[in-house]
Amino acid sequence: MAPIHLLDTRTASFGDLLGNGKRYQVPLFQRDYSWTEENWEDLWQDILGLHQNPNTSHYMGAIVLQNSRESDQQFTIIDGQQRLATLSIIAIVVIDKIKQLAEKDIQSEGNQERQEILRRTYLSDKDARSLRYSSKIRLNANNDGFYQDYLINLRKPRNIRSFAKSNQLIWQAFDYFSIQMSQQLGIINDGEKLVDFLTDIVARRLLFIQINVEDELNAYTVFETLNARGLELSSTDLLKNYLFSLLRGPDDLQAAQRQWQQMISTVRMEKFPEFLRYYLSIEQPWVRRERLFKMVRASVKDGYQVFDLLDRLESYSSLFVALGNAQDDFWRETPANRAYIRELELFRVKQAYPILFAAHGKFSDADFTRLLKLISVLSFRYTVVCGLNPSELEKIYNQVAIAIQNSEITTPKQVFEQLRSVYVSDEKFAQDFELLTVATRGQQKKLARYILWKLENDAANQEIVEESFSIEHILPESPEQDWLDDFTDAQITDMVYRLGNLTPLEPPLNRQIGNRPYAIKRDVYPTSAYRLTQEILAEEWTPNALANRQKQLAKRAVHIWRSDFAT
637 MAPIHLLDTR
647 TASFGDLLGN
657 GKRYQVPLFQ
667 RDYSWTEENW
677 EDLWQDILGL
687 HQNPNTSHYM
697 GAIVLQNSRE
707 SDQQFTIIDG
717 QQRLATLSII
727 AIVVIDKIKQ
737 LAEKDIQSEG
747 NQERQEILRR
757 TYLSDKDARS
767 LRYSSKIRLN
777 ANNDGFYQDY
787 LINLRKPRNI
797 RSFAKSNQLI
807 WQAFDYFSIQ
817 MSQQLGIIND
827 GEKLVDFLTD
837 IVARRLLFIQ
847 INVEDELNAY
857 TVFETLNARG
867 LELSSTDLLK
877 NYLFSLLRGP
887 DDLQAAQRQW
897 QQMISTVRME
907 KFPEFLRYYL
917 SIEQPWVRRE
927 RLFKMVRASV
937 KDGYQVFDLL
947 DRLESYSSLF
957 VALGNAQDDF
967 WRETPANRAY
977 IRELELFRVK
987 QAYPILFAAH
997 GKFSDADFTR
1007 LLKLISVLSF
1017 RYTVVCGLNP
1027 SELEKIYNQV
1037 AIAIQNSEIT
1047 TPKQVFEQLR
1057 SVYVSDEKFA
1067 QDFELLTVAT
1077 RGQQKKLARY
1087 ILWKLENDAA
1097 NQEIVEESFS
1107 IEHILPESPE
1117 QDWLDDFTDA
1127 QITDMVYRLG
1137 NLTPLEPPLN
1147 RQIGNRPYAI
1157 KRDVYPTSAY
1167 RLTQEILAEE
1177 WTPNALANRQ
1187 KQLAKRAVHI
1197 WRSDFAT
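Here it is, written out as structure tokens:
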């Protein structure tokens, strides 16, 4: 990882952050305000805890600031705008309560002066000409106008539903904290106690780790190691801010915003770094997550390149989503792909995405289907059965993806030749399959069912309905005393989920034999419609019988999960 150049790292309270004339700007295209009642409730409970325990403080997480080149009193909020905006709303609520006391002639002069002092300290300065307040915190392009006009200047909007969703959330936050504040009967009618609540609890005892960085690159690197509270800025937002900063003029900004939103709605915000990494891997070697921002910044330096990148990302976004969903409409014209996509889902394999990204636009539909089958078979051998090092596989996939992108590889067979070093040999595959253990609970149960389904299809020479059978444990998961004559406790633990101990069986028959002795089960198995189960002929079910059956299944598996290109 590249070194992180931090200008300053220290503990700071909310009051420290807003003191001494400091001002903060949220980047114009950073994410809108998005906290909801769940977040407000968590924060309010933390504050009430401080109110009830005077000698405690509460850690609010890290806040990342970028220093301004123009002034040491101005900062860009790289991460933390949700928390700072929400705390400023709480300050506004307290100031509004004190203002209401003054308007009710409750210590009118004193409360008027108190609310003016609190405004200057935590929120804003007043313009001598317009007599309007200007906030110390400026929000993004979508939220700042509403925040300044209505919250900072304590004006109630006439029709809140006419405003954007994020601005409605800002006003709902104000309403929420106003209601909560009104329920604090011990302080709500006392200006001095309200001041203490804001200055002692909110401003002094809510603490941040303040991290100051030189530039966006260092901020991005910090993001890879931080886990801030709430719906804070992500590395995706930071990349967006950088790209949009290269654009000129409102038309370009609006066009980019529309394209960005379309792509994010397809890929989803939390998946974007993963998507970007796979995309970059079709052009550049060994793309690490922590280098994404640096790589984009090195290659995108003007508005033309921004739109070129957005166009290319948008073109891959639907494929990225479809590779994780066999039922996606993307596969409507190529239904044969669905089975292989489903297998990659089941195997939890994504390392091959760069190859599939590169090949989808260059291979014919038939060749792309053959490539999917190759990747599925290779993944089953390498990852599912043999459990080999995934980083080695990812490295070779990356090399092949670049070669496909550069038209140096043009067929699935050529892909296989490049992947031959990671295609597990029949001997190694059979050896490891003979010892394969697959749990029959949770996600692993789907894998066990899939393997038995493929084995049964091969044995019966026809395709059965995968969901038609239950999974029978020949040696039961909870064996009765009779089984202990042939298996020790250690062998039961080791062998109950071995593939040789599993077989497909009709649900009624499975319920009928339950945990019964093998002699009873052995008489039922020949009545099953499933060939794998009919073939269980051992006189006794012992560790050796189980191992022998699994060895026979391994021989069958070798030709089921085999590449068409293997010789």
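Per this note's numbering, residue 637 is the first one in the sequence shown, and the count goes up by one each step. Every residue, glycine too, gets a C-beta built ideally from N, C-alpha and C.
In summary, SER771 is buried, with 16 or more beta-carbon neighbours lying within 10 Å of its beta-carbon over all protein chains present.
Looking at GLN748, ILE773, TYR786, the one whose alpha-carbon comes closest to that of LEU701 is ILE773.
In the DSSP assignment, ARG659 is bridged to GLN710. Within a 10 Å sphere around the beta-carbon of ARG925 sit fewer than 16 other beta-carbons, which makes this residue exposed.
With contacts defined by Cβ atoms closer than 8 Å, VAL831 and PHE650 do not form a contacting pair. When the Cα atoms are used, SER704 and ILE815 turn out to be separated by approximately 37 Å. If you draw a straight line from the Cα of ASN1180 to the Cα of LEU1072, it comes to about 15 Å.
Taking the Cβ atoms as the reference, SER802 lies roughly 5 Å from TYR669, within the contact range of under 8 Å. Counting along the chain, the unbroken alpha helix (DSSP H) around THR902 starts and ends at 886 to 903. Taking 8 Å as the cut-off, the beta carbon of LEU916 is found closer than this to the beta carbon of LEU928. By the criterion of at least three beta-carbon pairs nearer than 8 Å, the region 947 to 963 is not in contact with the region 1053 to 1067. Contact annotation: SER1164 and LEU1145 have beta-carbon atoms nearer than 8 Å.
For ARG1134, the three-state secondary structure derived from DSSP is strand. Taking a C-beta distance under 8 Å as the contact criterion, GLU981 and ALA994 do not qualify as a contact pair. Counting the other CB atoms within 10 Å of its CB gives ALA892 a total of 16 or more, which places it among the buried residues. Per DSSP, VAL932 is one residue of the alpha helix (DSSP H) stretching across 928 to 935. According to the DSSP assignment, GLN751 belongs to the alpha helix (DSSP H) that extends over 744 to 754.
When rounded, the separation of the alpha-carbon atoms in GLY939 and ASN789 is 37 Å.
Within the same chain, Cβ atoms closer than 6 Å to the Cβ of ALA972 are found at THR1005, the five residues on either side in sequence being excluded. Going by C-alpha positions, ASP947 is about 49 Å away from ALA1096.
For the region 952 to 982, there is no continuous beta strand (DSSP E) assignment of 3+ residues that stays within its boundaries.
Shortest Cα-Cα distance from GLU1142 to any of GLU1102, TYR1133, ILE1156 involves GLU1102. In the three-state reduction of the DSSP assignment, SER1199 falls in the coil class. Looking at the backbone, the Cα of LEU737 and that of ASN779 are separated by about 29 Å.
Around GLY657, the same chain offers GLN709 as residues with beta carbons nearer than 8 Å, after the five sequence neighbours per side are excluded. Look at LEU842 here: in three-state DSSP terms it is strand. The beta-carbon distance between LYS1191 and ALA1066, rounded to whole angstroms, is 7 Å. This is short enough to meet the 8 Å contact definition. Setting aside the 5 residues that flank it on each side, HIS996 is surrounded in the same chain by LEU955, PHE1004, each with a C-beta closer than 8 Å to its C-beta; the list follows chain order. For LEU654, the enclosing alpha helix (DSSP H) stretches over residues 650 to 654.
Nearest in C-alpha terms to GLN898, of all of GLN987, LEU949, TRP1089, TRP671, is LEU949. Per the coordinates, the alpha-carbon of PHE810 lies some 7 Å from the alpha-carbon of ILE726.
ALA698 has ILE845 as its beta-bridge partners, per DSSP. Between LEU759 and SER724, the beta carbon gap of about 6 Å places them in contact (Cβ cut-off 8 Å). Remark: C-beta atoms of TYR695 and LEU834 do not approach each other more closely than 8 Å. In this structure, PHE711 lies away from PHE880, with their beta-carbon atoms at least 8 Å apart. Shown here, PRO1140 sits in a strand according to DSSP, grouped into three states.
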